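Numbering (full-length UniProt numbering), first residue to last: 1 to 190.
Written out as structure tokens, the structure is:
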């Protein structure tokens with residue numbers, strides 16, 4: 001059964017991603033320990049349980065799994081830092097971590113190497129119904145991010161979902177981190 005994460009706010013830099021079957025809970029939020037007070041630094045946390053309120057601060061008691069530090073002065077890519085095993089505190093420039101799939105290709109099709117050593121590729125609007133789709137090196141779809149259909153009512157959450165196939169559940173943090181960078185690239189036209 002795939003992990004279906006409900007993106008609670010739809011906000012790029014501050015949201016909870018809660019699996020609808022209560023198996024995993026992820027949070028992306030501004031990083032309070034950013035160097036030089038960079039407001040474009042976000043952290044991804046693996047949370048122990050579902051957040052019940054918007055101002056929940058339990059993540060402050062945890063160590064982030066990933067820190068995303070974007071350019072401070074103008075929209076631009078910065079570094080991604082993996083702070084927990086198996087990578088244990090490795091910083092990589094985002095343009096190296098997420099590389100364009102072709103030399104002259106668009107910036108909304110990029111590949112990355114996950115913590116398990118395998119290569120994956122994100123594509124924007126390449127499959128009907130999916131805003132973003134992530135494929136394995138063999139071409140199998142492993143994850144997708146979907147926007148709420150405009151005809152669907154909103155009841156306290158964004159209606160957006162991130163679905164990760166169960167065989168790749170060990171890569172949930174990698175997939176969310178790379179998706180966040182891809183959404184940032186799209187939002188800022190990089």
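Just so you know, even glycine gets a beta-carbon here, dropped at the ideal spot from N, CA and C. Treat the numbers as computed from the prediction; the structure is a model and nothing was measured.
- Following the DSSP letters along the chain, one finds residue 173 inside the alpha helix (DSSP H) bounded by residues 172-188.
- For residue 94, the enclosing alpha helix (DSSP H) starts and ends at 94-97.
- In the structure shown, the three-state DSSP call for residue 131 is strand.
- DSSP places residue 39 outside any beta strand (DSSP E), giving it a letter other than H or E.
- In the structure shown, residue 115 falls within a coil segment according to DSSP collapsed to helix, strand and coil.
- The three-state secondary structure of residue 153, taken from DSSP, is coil.
- As DSSP reads the structure, residue 26 sits in a beta bridge with 17, 46.
- Taking every protein chain shown into account, the CB of residue 64 has 16 or more other CB atoms within 10 angstroms, so this residue is buried.
- Here residue 16 is buried. Its C-beta has 16 or more other C-beta atoms within 10 Å.
- DSSP, reduced to helix, strand and coil, places residue 6 within a strand of the structure shown.
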